[in-house]
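Chains R and D, in that order, give the protein sequences. Position one of the first sequence corresponds to residue 1 (this note's numbering), numbered consecutively onward. Position one of the second sequence corresponds to residue 282 (this note's numbering), numbered consecutively onward. Ideal Cβ positions, reconstructed from N, Cα and C, are used throughout, including at glycine. One structure is given below, encoded as structure tokens.
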Amino acid sequence: MVQTRTSIKSKQKSSSSPEKGSSDSITSFNDPVLEATNLHVYYGKTLAIRNVNIQVPKNKVVSLIGPSGCGKSTLIRCFNRMNDTIRIAKIDGEIFYNKTNVYDLDPAEVRYKIGMVFQKPNPFPKSVYENVAFGPKVNGIKDDMDEIVMESLKRADLWKEVKDRLKENAYGLSGGQQQRLCIARALAVNPAVILMDEPCSALDPISTDRIEDLIKELSSSVTVLIVTHNMQQAARVSDYAACMMSGKEQVGELIEYGEVNQIFGNPKDKRTEDYVTGRIG
Amino acid sequence: MRKYQGRKSLDLALLEIDTKITVLSSQVQAVFKDSMKSFYNKDLKRSQKIIEEDILINNFSKEVETQAIEIIRDQAPLASDMRKLTSLIFVSQELERIADYSSGICKINLKIGDEPFITKFEKIPKMEKIAIKMLKDSISAFCNASDMKSASKAARDLIVQDDEIDHLNSQVQKDLIKRMSRAPKLVKQGTYIIWIAHNLERIADRSTNIAERTLYVISGDSAVLTPYDDSFYD
């Protein structure tokens, strides 16, 4: 089936106006939804990322790029305290969600507000309906569950395809449908932020295109922080991009953060230029 | 620290297309010089041949353009690579247009034919010399954009030369219009010679466009070096 690509990007003016720092890169926003300050992450005695300072503006798409092993996944996992699940992981520095330190919040609450979608679709071995209803049920939400499931599936652009298959096992869906189901599952608890760790790397081009369209649609109401190795994808979907790189002793650092046109059109840092043009990686 | 690995197939493709644009520019320079030589010497046969062979330049320019598009398709370039490749497409078109102006000079030569020239050429050879230098310098800056400092200086130096050629063009036009208004029999050839000067001035403008593209490749800024000069109409 031929599908029309509707992913041509229309950039909207930033509602959260960036303030320029000393360099040309954007360093701060008026109302960041996520913020990391002086963040160091250790796995045991090994320093994985060093002194990361980053702010993520509300209802924007920010992509995190950089070579494998530079700490992108480690960084995004800090925002919803997923690194707490790794026994040897230790965090130094501060992480804020809407200006509140995430360690002053209940971890379950943090993960409802800051949802996550992974590289490989990971639906529960349950029905389509139960996958979406799981979060609200556990969270004790008493609203009309059918309504929540339908709305979440609609927001994830999956409703039309599964409305007659709600009772079927989610494993019967295609890879692209499973990934959109995972997004619907995250949306069901009404998050403010969705973290996406290479959400399209296991998908075919058409499924990828649908997820990209979805990301852009969601960004009117949800902030999206996405890790991707696909530069063109980052350029297509993001408003801002941050480039990380392993520096001294293979420790990940944030080397450049700016508007997407700058990062992919004319990066200021030579290392970013070499990475986005494919000359280091 | 990550090791710089280069990008072999893209780097080779860029080298190949850079070589092609250099060859195209050499051919265009040769055609331009030849067209002026055939004009001064009233070598109508040579002029006719240049007009006929213009298609070869057109085809080569299209070949460069197609190759740049294919590299963009296959290599998904970004940042400086993307700026270079998109600019290459524009530059090959500018070179093709310069060859068209040269061909235009030859067409004017055929129109004047064996009729003796009504003027001793003083300013037109000066314009030719400047136009050739601008074309050479602009393409050299474009092909050496990696040497940012000297390429940037060369591109900006072209502004001064462009002013000079604009001034000469204006003088040629004013002188000939003055003479033509006194002696109407000069009007036909006088108009043709004004067109020759116009073509030389346009060749210089196209070279300035190449310099603007060079600055874009270097800095990412779309610079406009010279606003359109309409002082002649004042």
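Excluding the 5 residues preceding and the 5 following residue i in the sequence, name in chain order all residues of the same chain whose CB lies nearer than 7 Å to its CB.
| i | result |
| --- | --- |
| residue 267 of chain R | 256, 273 and 276 |
| residue 492 of chain D | 419, 422, 436, 439 and 506 |
| residue 228 of chain R | 63, 65, 198 and 234 |
Spell out the partners DSSP gives residue i in its beta bridges.
| i | result |
| --- | --- |
| residue 40 of chain R | R/92 |
| residue 382 of chain D | The partner list for residue 382 of chain D (beta bridge, DSSP) is empty, contrary to what the question assumes. |
| residue 387 of chain D | None; residue 387 of chain D has no bridge partner. |
| residue 97 of chain R | R/34 and R/100 |
| residue 258 of chain R | R/241 |
| residue 246 of chain R | R/252 |
Could you give the DSSP three-state label for residue i: helix, strand or coil?
| i | result |
| --- | --- |
| residue 168 of chain R | coil |
| residue 279 of chain R | coil |
| residue 141 of chain R | coil |
| residue 304 of chain D | helix |
| residue 59 of chain R | coil |
| residue 266 of chain D | Residue 266 of chain D falls outside the range modelled here, since chain D spans only 282 to 515, and no answer is possible. |
| residue 292 of chain D | helix |
| residue 197 of chain R | strand |
| residue 124 of chain R | coil |
| residue 223 of chain R | strand |
| residue 29 of chain R | strand |
| residue 52 of chain R | strand |
| residue 368 of chain D | helix |
| residue 110 of chain R | helix |
| residue 46 of chain R | strand |
| residue 117 of chain R | strand |
| residue 65 of chain R | strand |
| residue 132 of chain R | helix |
Leaving aside the five residues before and after residue i along the sequence, list all residues of the same chain whose C-beta is less than 6 Å from its C-beta, in chain order.
| i | result |
| --- | --- |
| residue 426 of chain D | 432, 495, 498 and 499 |
| residue 269 of chain R | 255 and 256 |
| residue 39 of chain R | 52 and 93 |
| residue 231 of chain R | 276 |
| residue 176 of chain R | 203 and 207 |
| residue 282 of chain R | This structure does not reach residue 282 of chain R, given that chain R is present from 1 up to 281, and the question cannot be answered. |
Taking CB distances under 7 Å as the criterion, tell me whether residue i reaches chain R.
| i | result |
| --- | --- |
| residue 325 of chain D | no |
| residue 369 of chain D | no |
| residue 494 of chain D | no |
| residue 485 of chain D | no |
| residue 357 of chain D | yes |
| residue 362 of chain D | yes |
| residue 276 of chain D | Only positions 282 to 515 of chain D appear in this structure, which leaves residue 276 of chain D out of reach. |
| residue 497 of chain D | no |
| residue 501 of chain D | yes |
If I measure Cβ to Cβ from residue i and keep anything under 8 Å in the same chain, skipping five residues before and after, which residues do I get?
| i | result |
| --- | --- |
| residue 253 of chain D | For chain D, the structure presents residues 282 to 515; residue 253 of chain D sits outside this window and is missing. |
| residue 468 of chain D | 461 |
| residue 111 of chain R | 80, 81 and 82 |
| residue 212 of chain R | 7, 200, 233, 236 and 237 |
Any beta carbon from chain D within less than 7 Å of residue i's own beta carbon?
| i | result |
| --- | --- |
| residue 232 of chain R | yes |
| residue 236 of chain R | no |
| residue 256 of chain R | no |
| residue 61 of chain R | no |
| residue 80 of chain R | no |
| residue 74 of chain R | no |
| residue 123 of chain R | no |
| residue 267 of chain R | yes |
| residue 276 of chain R | yes |
| residue 23 of chain R | Confidence at residue 23 of chain R is low in this model, with a pLDDT of 36, below 50, so its placement is unreliable and the value that follows should be read with caution. No, residue 23 of chain R does not count as interfacial toward chain D. |
So with CB distances below 8 Å, who are the chain C contacts of residue i?
| i | result |
| --- | --- |
| residue 284 of chain D | Included in the structure are the protein chains R and D, with no chain C among them. |
* Pair every Cβ in the segment 402-418 of chain D with every Cβ in the segment 339-358 of chain D, then say whether three or more of these pairs are closer than 8 Å. => no
* Are there three or more Cβ pairs, one per stretch, closer than 8 Å when the segment 241-251 of chain R is compared with the segment 203-210 of chain R? -> In this structure the segment 241-251 of chain R does not touch the segment 203-210 of chain R; the number of beta carbon pairs closer than 8 Å is below three.
* Touching by the beta-carbon criterion (3+ pairs, under 8 Å), the segment 446-461 of chain D and the segment 349-366 of chain D -> no
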